[in-house]
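Shown next, in structure tokens, is the structure this report addresses.
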Amino acid sequence: TSTGWIFTEIARQPWVVFGLFKTADGVSKAAGVFEVFLSLVLFTLLYAALIVADVYLLKKYAVAGTEVVLEEN
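Residues in the sequence shown are numbered from 1300 upward in steps of one, following this note's numbering.
Written as structure tokens, this is what we have:
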């Protein structure tokens, strides 16, 4: 459901005021191609690191949890 909402909002362009603000005026000139690319790469690396940490911790605690149950039996 979140994906549908995101695509709807992007297509609706809420940052553009109908009749007062053109779509071309809504484009930021402050960020160049390099800055956009760099932020994309950094966010991708950050999320990749978070995924690796998440999988590691899930596996670590899942294995530890099964050992505790096996020892009690």
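Note that the Cβ used here is the ideal one computed from N, Cα and C, for glycine as well.
Test: residue 1355 CB closer than 8 Å to a CB of chain B = In summary, chain B is missing from the structure at hand, where a single protein chain is found.
What do you reckon, are the CB atoms on residue 1332 and residue 1325 nearer than 8 Å?
-> Start at 1 with the first residue of the sequence shown, and residue 1332 comes out as number 33. Start at 1 with the first residue of the sequence shown, and residue 1325 comes out as number 26. Contact flag unset, no.
Per DSSP, what kind of secondary structure is residue 1331 in: helix, strand or coil?
-> In the sequence shown, the residue the question calls residue 1331 occupies position 32. Coil, per DSSP.
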